[in-house]
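Residue numbers (my numbering), protein chains in the order written: chain A, -1 to 307; chain B, 59 to 343; chain C, 316 to 989.
Ideal Cβ placement from N, Cα and C applies to all residues, glycine included.
This one's a predicted model, so the numbers in the text were calculated from it and none came from an experiment.
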Amino acid sequence: MLPYLVGRVLQALFCMLVVISIVFILTRLSGNPVHLLLDVNATQRDLEILTHHLGLDQPLPVQYAIYVRNIALGDFGTSVLTRRPVVEHIWERLPATIELGFVAMFLSVVLGVPVGVYSAVSRGGILDGAARVFSVLGQSMPPFWLGLMLILLFGVMLGLLPAGGRGGPQHLILPAFTLGYFTSAAIMRLTRSSMLEVLGADYIRFARLKGLHEQIILWKHGLKNALLPVITFAVMLFVQFLGGAVVTETVFAWPGLGRLILESITTRDYPIVQAGVLVLSALYLAGNLCVDLLYSYLNPKIRYRASSN
Amino acid sequence: MTVTKTRWLAGSQKVPFFPTLILAALVFAAILAPYLAPHSPTEGDIMRKSIPPIWMERGTSEHPLGTDRFGRDVLSRIIYGTRISLAVSIMVIGVAGTVGTVVGLVSGYRGGAIDAVLMRLTDVGLSLPTILIAVVLVAVSEPSFRNVILVIALLLWPRFARQVRGETLAIKEQDFVALAVVAGRSSAWIISRHIFPNVVPTLLVICTLQVGYVILLEGSLSFLGVGVPPPNPAWGLMIADGRGFLATAWWISLLPGLAMLLTVLAVNLMGDWLRDRLDPKLRQL
Amino acid sequence: MERADIVEKTQTVPEEHVHEATSLDRSTAIDELFQQQATERDRAKREALLHRIQKLTVERVMFAPIMDNRGLIDVGARVAEHTINSIPLHPFPSLEAHILKGWERATCNVRRSFSCVWDRFANRPYTWSQRRKGELRMRWKWFGLLMLAMLAVLSVAPCRAGAPTGQPQGTLTVAVATFGNERWLPETYPGAEDVVLKPMMENLLSRDARSGELIPLLAERWEVMDGGRTWKFYLRKGVPFHGGHGEVTAEDVKYTFATIAKEGSANGLAPEFRQITSMEVTDPYTLTIRFARPFVIFGNRVTQGLFASSAFIHAKHYRDTVGDEGVDRHPIGTGPWKFVEHIRGDRIVYEAVENHWRAVPHFKRLVFLKVPEPATRMAMLRAGSVDVIETGGEYAEELKKVGVRMLVMPNTAWVWVILGGQWPGQPTYDANVPWALPDAERARKVRLALNLAVDKHAIIQQVLGGLGTPAGAVNFYPADPWASPEVLRPYPYDPAKAKALLGEAGYPNGFEVTLNLTAWPGRGFLPDVGEAVATYWEKIGLKVKRRPVDRAVFSADFRKRSYAGVALAYAGPIIAPEPWELFVRLAYSKAAAHLLLEHPTLDAFIERLGAEPSYEARVRIMREELGPWLYEYMPAVSIGATHSIAGVGQKIGEWPLIPGHMGLHNWEYITRTR
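Listed below in structure tokens is the structure:
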């Protein structure tokens, strides 16, 4: 187990290095941010002073080396625009992203699991067909369009829910639903197939033969076992939401980390872009690693394989 | 296994009707766009801006789906938009599919050091948060048609590589491959003659499943303003254009979104059906 | 068979891929065995068959291929081979079920007897009808209790009598597009985003909301001497800084101006403040500023009454005491609102200063929210979660449709399409740009053609929502005393003549031009204007390539004058009353930026006007010479004067605004509706 774990962690570190290298190179090549910081009237001398102050006048490899060394020491640098430590910016925005991801995952599961269970149990019925439609629609709908239509319906026409920003629970519903609907379809399909697999298994037949009540079979034996892959999948979804909520955050003006990165690209605030991508990628990779470990723990075959190696 | 008896794509050995119809219509629209579209997609008269669709009051038959904020006809833009969506997805799948297939075949067949290296690379590629990296990469390089295709292909090829490698590993164990090796055929010959044709069904399934994803990803990039540049009638751009005007001119955002939804829906249904037909191992999904 | 046997048996099975064929075999074997045992009469044999079924089931489950979920989700690095799949199945009932069942069985007797005792104790009825009556009685009891509780709460709750009028009440929430770089030190804010700075800080002078004249603010009077070379300010006495950090003195003013002017300053007024040669503090409330050359309009640089007026007065000894970090974390000023909180990138919160020397606000709190998307701002206003939003002319119709009140600030910016490349004296001059050819006649024909091709009236009506006036010479506003009717007349709309002119100028088939689509703070309509202009130019045969580019990238270009052949829609705000004061910043060969043109004649005008102390003389020069020359020369496609708008909600009563000031201000004068 341990060599596997170490190997995966090293691989994750390497991934992150690749990611930040790519982002570093591209942001540096795209232009000097100093122009946005100074007024139209600033002289060339002012530009030079600021550039030197920010350390942007050194050659690219030197900047890269300094940056990697700082990351290793835990120093993410200071924002070019606001001159505050980048960590502060990220720390301010990360909770919003995590909150949104968590609620979206929760909604996803709450939407997907019952529908999946129902459609597995009553296969072929009209509700099964409806569930199938729900699932396919969920994976085909552009999430930003769904968000806009929800704003149109609930925000503009009905005036029930706020159209954006972060605040109380009513601000969370629409963005979490938009994010979660797309993946609830996947959860529904997974639950359905997992339930079907479990319900078709022999120990269920055994239990029926023994004369157990159908409800107990369904919930105690069936669902509990079928839910294991769904839970691990849901955790992976949460991790995915952390990185992929950029579009939803933009539509609903949610003050999260994805939007911070997008805004920082516009203002050419490199340290924030680099650190933000680093943090999100790190969370993403760590999350995937946890999920993989969970899978290998739960799957006896891999466990045996790993232990016999 | 008992589960196979409960196929939930009920009774469809023949081609599914609606997805095929929609896809055919889309391809038709994309190819014959100049003849089908009543107006030019980029020329507009701002004196005729925000005309509603024909079924509302103030709608005219000249602009059946209305006009956008610069007076451009929405129907024509949607028709030309199919070109962009299909072109982008076909090119992306082409590039990513080719690279991914080659990598998968070589890595699966060869094994050893090459396999290890290529798989590390694939894992790195698979471990990136897709939309975030896509946005960052396209935003810092200048948003253009070519950059969008390159970036999405760059993020997508590992998925192909992984699946193809898995298939290759399974096929490699078969007897006819062993026979070919014994008979002294070169690896290239074996790969191209034996392995690749057996990989094709899975490849087709993956391609079809990814087309929908690529269309949505390109739409998201255009929506955020870092995709295909204006005034190209990309659907994502049209949705973003109408974003501030949901109360007065909702058709600018709603109709292209519907078009995108229908396209991706048709492609996904088609992919499901193909998967059912071609790849029995994945049938339970 | 014991469980231990099964475990032992399975551990000796060798590790190998189990293909589906084998598991299918097991399945059919199991089915057959089931059928067999159903018809078997001999008990021992049936038991043996069941044991065999159980063993086969366990084997099958342990080594069956499990499903691959990757196709569903396609994310992340998963296990390597496709034949190792991933739904684990537990053949044995879970441990928790065992424990739960055991617990239930062990305690059922205890629980049963306990519930009997409890029921007797609570005197619960046992029969159905008794139980029903009891339930109803309980329901009424609870209802009665609830009513009592509500009455109690209502009577005890404090009276909601309104506070005496005149006391600040309530919160005013404003959604703006950007906070700028969110810094509070005078040498760090450029000034373009002064919407969030104005509530808290004050300048020396201001402008009257009705007449637009310079009026005293922190300086109660001022004198201009030596033809503009010496300015003397007499400060108001007893103006406190927030938080009890002393009063405004001449030392504070001197320190502020020196900081703005220091090297490396990002403040927009730095170049002008660097012209100060000396500042004398004669007594604590008097400051004398001297310039080398006459600076007749210095008053416009220290006024609160215009956009981007960033010479706010800061407290010297506060910064000395708490340091730069302290000021950035908790800034102070002299304005009617004091700093409460700043969450970077999200909100800035101010609170009313209740005994302010100038104006006590009507609202207790002023909250700025940063919401970059205009659509979201509008939705928030409509929903009532904000009271004021920054918005642009392109949303005017939408605002009208949804019934939102609109505040219009007329004539605050001038829209023109920059034709880049008109810098003949610079090294980056490209002689092939059609509108900047060395042959002045031909170039002028091209510029005239580009002007005639665009329907300015339509652009103002359709793109800017009717909020503007089409006009001729750049930056000559309709109500200006130096704008004669001739220069105010917009260039006509005549595409046929435009095409003919292009042919005459030597471009019968048009030419290629790149049009940048760039938004500027507070002027988000500019990309739309650019797009509309592009469609008009395409109609006369030009090939227009649109390039959405953000301001950061373009800043580099317009400083280095490296965008020859590129056109761009721009809106120049009013930063000073007279047009040449804007030209000196962006249409002057010695200026840092180029956003219009450079020409020796214009340079001469600017220098002449800058040295002319008499207002009437300046008006005459502008009216009779500069205006007509600019109109004739036609350096850009001039669209016209535009208004800025803001969307306001129900809470806002009256709001006096200074004419010509782009951007929101005068928050302390907003009254509440009853």
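Going by DSSP, C/Trp546 is part of the beta strand (DSSP E) stretching over Thr545 to Leu550.
In this structure, the beta-carbon distance from B/Ser119 to B/Ile112 falls below 8 Å. Distance from the CA of A/Leu45 to the CA of B/Gly283, rounded to the nearest whole angstrom, comes to 29 Å.
For the stretch 776 to 796 of chain C, the set of positions with a beta-carbon nearer than 9 Å to some beta-carbon of chain B reads Gln776, Gln777 and Val778 in chain order.
Here the stretch 754 to 765 of chain C does not lie against the stretch 912 to 920 of chain C, with fewer than 3 beta-carbon pairs under 8 Å apart. Per the DSSP secondary-structure output, C/His657 pairs in a beta bridge with C/Ile663.
Rounded to whole angstroms, the separation of the alpha carbons of C/Gly925 and A/Gln272 is 47 Å. With a 10 Å radius around the Cβ and a threshold of 16 neighbouring Cβ atoms, C/His557 comes out buried.
In the pairwise beta carbon analysis, the stretch 514 to 522 of chain C is classified as touching the stretch 533 to 548 of chain C: at least three pairs are separated by under 8 Å. Unbroken alpha helix (DSSP H) stretches of 4 residues or longer found wholly inside the stretch 575 to 632 of chain C: 585 to 588, given in chain order. Per DSSP, reduced to three states, the secondary structure at A/Thr41 is coil, with no helix or strand assignment. When A/Ala184, A/Pro269, A/Tyr116 and A/Leu24 are compared, the shortest CA-CA separation from A/Leu221 is found for A/Tyr116.
Beta bridge pairing from DSSP links C/Ala565 with no other residue.
Taking CB atoms only, B/Pro287 has a neighbour in chain C less than 8 Å away. Of all residues in the stretch 176 to 202 of chain A, the ones placed with a Cβ closer than 8 Å to any Cβ belonging to chain C are Ala184, Arg187, Leu188, Ser191, Ser192, Glu195, Val196, Ala199, Asp200 and Tyr201, in chain order.
Separation of A/Ala243 and C/Ala524 (C-alpha to C-alpha, rounded to the nearest whole angstrom) is 46 Å. Counting every other CB atom within 10 Å of its CB across the protein chains shown gives A/Leu158 a total below 16, marking it as exposed. Two segments are said to touch when three or more pairs of C-beta atoms, one from each, lie closer than 8 Å; by this definition the stretch 168 to 178 of chain A does not touch the stretch 207 to 226 of chain A. C/Arg862 is bridged by DSSP to C/Asn831. In the DSSP assignment, B/Met105 falls outside any alpha helix (DSSP H), carrying neither H nor E. Chain B places a beta carbon closer than 8 Å to that of A/Gly242, counting this residue as a contact. Burial state of C/Glu538 is exposed, judged by a 10 Å Cβ sphere holding fewer than 16 other Cβ atoms. At least 8 Å separates the CB of A/Ile124 from every CB of chain C. As the crow flies, the alpha-carbon of B/Leu323 is around 11 Å from that of B/Thr78.
The residue from B/Arg335, B/Asn326 and B/Thr321 with its alpha-carbon nearest to that of B/Phe86 is B/Thr321.
Residue nearest to B/Asp330 within the set B/Leu262, B/Trp309 and B/Trp293 is B/Leu262 (criterion: CA-CA distance). For B/Ser108, there are no C-beta contacts with chain A under 7 Å, since the nearest C-beta of that chain is about 16 Å from it. For the pair B/Val132 and C/Ala694, the Cα-to-Cα distance works out to about 24 Å. In the three-state DSSP reduction, C/Ile647 falls in the coil class, being neither helix nor strand.
Nearest C-alpha to C/Trp852 among C/Lys360, C/Ile936 and C/Leu817: C/Leu817. Neighbours of A/Gln9 in chain B, taken as residues whose beta carbon is under 9 Å from its own, are Arg178, Asp181, Val182 and Ser185 in chain order. Among the residues facing chain C, B/Arg335 is not included, as its CB has no counterpart in that chain under 8 Å away. Within chain B, the residues Ser185 have their CB atoms less than 7 Å from the CB of A/Asn286, given in chain order. Residue nearest to A/Val111 within the set A/Thr189, A/Pro140 and A/Ile23 is A/Thr189 (criterion: CA-CA distance).
Excluding sequence positions up to five before and after B/Phe254, its CB lies within less than 7 Å of the CB of Leu163, all in the same chain and listed in chain order. Counting the other Cβ atoms within 10 Å of the Cβ of A/Leu0 gives fewer than 16, which makes it exposed.
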